[in-house]
Amino acid sequence: MATMDRDALYEELNATYFKYKGIYFETEFTSPEVIDAIEHMEIRHGDVFLVTYPKSGTVWTQQILSLILNEGHRNGAEQITNIERAPWIEYNIYNVDFKSRPSPRLFSSHLPYYLLPKDLRFRMGKIIYVSRNPKDVLVSFYHFYNMNPRLKCKIDWEIFIDLFISGKVLSGSWFDHVRGLYTHKEDFDILFLTYEDMKKDLRSNVLKICKFLDISLDDKAIDIVVEKATFKNMKDDSLANYEFIPNELLDKNKGTFLRKGIVGDWKNTMTVAQSEMFDKVFKEKMGDLPMKIMWELNEETAS
Ligand code: A3P
């Protein structure tokens, strides 16, 4: 498949995405009106919002949360897809009626902190925020973009790095997304998780989530959550692996949503020079944050 030059790519991207309030969205699946209405969405106390920047482990955490909230996927949850169990507030493609959903409601979102429902800022509802080493996010996002059936040519990797660093991708800048929620964390009732930590010890992260949500599951139920959320089992689970998304939305001939599921895959794609340049940008943009570095940016590849 041919790659496209920068101008041709920008033209195609402009036709596919729109920019609103600093963020790029999929034109086909949402609108400025939908984004504006989210601010006033009515929040209930038991609501749980999974908020992430794309490619940070959202679908994985959707699976974990829906298993926790539905005690291992019972009561009908075993028959519906991840997207219906944890609908996207900005991309409600199945037209789920949020108001008629029984509590505790589970939602997903890639919105930055300032576009989330206002009530969340008053600590109504809980947020689980998952972040991931941005180099792995970048690689995963690149493959995801190339599964977009609306783009006629393959995106050049170098160009995609530029787009990612300058925030000209869906959901905007990774740096702003993470910084935004981190620096406003006092406004929200929020639990921060990382993809890498979940890979290292999923069980302890499941327990952490249960504690945060005030849910007590016995050991056997926790085992079921961990078991059903492994990469391999999710890959085989047709309701969880996003293979159910039609090819017109995501072209599965060009790749799979659950691609590799490992830490450090960036080492297989980025050159030393690209990695060093990225480290420099990371330091400039995130270096002042009083947070422990959440990722060892040069972490070893691990499966
Ligand atoms: P890779 O492309 O690096 O494989 P999101 O759901 O936020 O779009 O993130 C997608 C990334 O999460 C993909 O990363 C995907 O493979 C990975 N992922 C999904 N389910 C996973 C699981 N159970 N364990 C580990 N990684 C998973």
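Numbering (the numbering used here), first residue to last: 2 to 304. Ideal Cβ positions, reconstructed from N, Cα and C, are used throughout, including at glycine.
Does residue i get closer than 9 Å to chain B when you measure Cβ to Cβ?
| i | result |
| --- | --- |
| residue 213 | In the structure shown, chain B cannot be found, because there is only a single protein chain. |
Where residue i and residue j are concerned, what is the direct C-alpha to C-alpha distance, given to the nearest angstrom?
| i | j | result |
| --- | --- | --- |
| residue 304 | residue 230 | Only weak support exists for where residue 304 lies, its pLDDT of 42 falling under 50; the coordinates are left without a value. |
| residue 13 | residue 19 | 11 Å |
| residue 212 | residue 128 | 13 Å |
| residue 264 | residue 198 | 10 Å |
| residue 302 | residue 289 | Confidence at residue 302 is low in this model, with a pLDDT of 45, below 50, so the placement of that residue should be treated as unreliable; the coordinate-derived value is given next. When rounded, the distance between both Cα atoms is 27 Å. |
| residue 285 | residue 174 | 14 Å |
| residue 17 | residue 148 | 13 Å |
| residue 89 | residue 8 | 31 Å |
| residue 77 | residue 190 | 29 Å |
| residue 237 | residue 247 | 17 Å |
| residue 221 | residue 6 | 53 Å |
| residue 113 | residue 200 | 25 Å |
| residue 75 | residue 194 | 25 Å |
| residue 79 | residue 182 | 32 Å |
| residue 154 | residue 216 | 47 Å |
| residue 272 | residue 166 | 16 Å |
| residue 196 | residue 168 | 21 Å |
| residue 243 | residue 172 | 19 Å |
Please report the Cβ distance between residue i and residue j, rounded to the nearest whole angstrom; I am assuming they are in contact, meaning their Cβ atoms lie under 8 Å.
| i | j | result |
| --- | --- | --- |
| residue 214 | residue 81 | 20 Å between Cβ atoms; not a contact. |
| residue 36 | residue 164 | Their Cβ separation, rounded to whole angstroms, is 21 Å, which puts residue 36 and residue 164 out of contact at 8 Å. |
| residue 245 | residue 239 | 6 Å |
By Cβ distance below 6 Å, which residues in the same chain neighbour residue i in space, the five residues on each side in sequence not counted?
| i | result |
| --- | --- |
| residue 48 | 106 and 126 |
| residue 241 | 64, 83 and 235 |
| residue 192 | 129 and 213 |
| residue 262 | 232 |
| residue 185 | 114 |
Could you name the residues of the same chain whose beta carbon sits closer than 8 Å to that of residue i, not counting the 5 residues immediately before and after it, in chain order?
| i | result |
| --- | --- |
| residue 267 | 134, 136, 137, 139, 140 and 276 |
| residue 223 | 204, 207, 208 and 211 |
| residue 97 | 85 and 88 |
| residue 72 | 218 and 222 |
| residue 287 | 176, 179 and 180 |
| residue 100 | 43 |
| residue 67 | 74, 78, 83, 86, 87 and 107 |
How about residue i and residue j: do their beta carbons lie closer than 9 Å?
| i | j | result |
| --- | --- | --- |
| residue 226 | residue 54 | no |
| residue 156 | residue 10 | yes |
| residue 42 | residue 118 | yes |
| residue 279 | residue 160 | no |
| residue 39 | residue 85 | no |
| residue 24 | residue 121 | no |
| residue 252 | residue 150 | yes |
| residue 176 | residue 52 | no |
| residue 124 | residue 188 | yes |
| residue 94 | residue 30 | yes |
| residue 28 | residue 158 | no |
Please go through the same chain and pick out, in chain order, the residues whose beta-carbon is closer than 7 Å to the beta-carbon of residue i, but skip the five residues on each side of it.
| i | result |
| --- | --- |
| residue 170 | 25, 142 and 164 |
| residue 33 | 21 |
| residue 104 | 45 and 47 |
| residue 260 | 141 and 144 |
| residue 228 | 234 |
Report yes or no: do the region 53–65 and the region 128–139 share at least 3 C-beta pairs separated by less than 8 Å? yes
Cβ pair count under 8 Å reaching 3, the region 105–125 against the region 62–70: yes
Please confirm if the region 140–148 is in contact with the region 248–262, defined as three or more CB-CB distances below 8 Å between the two stretches. yes
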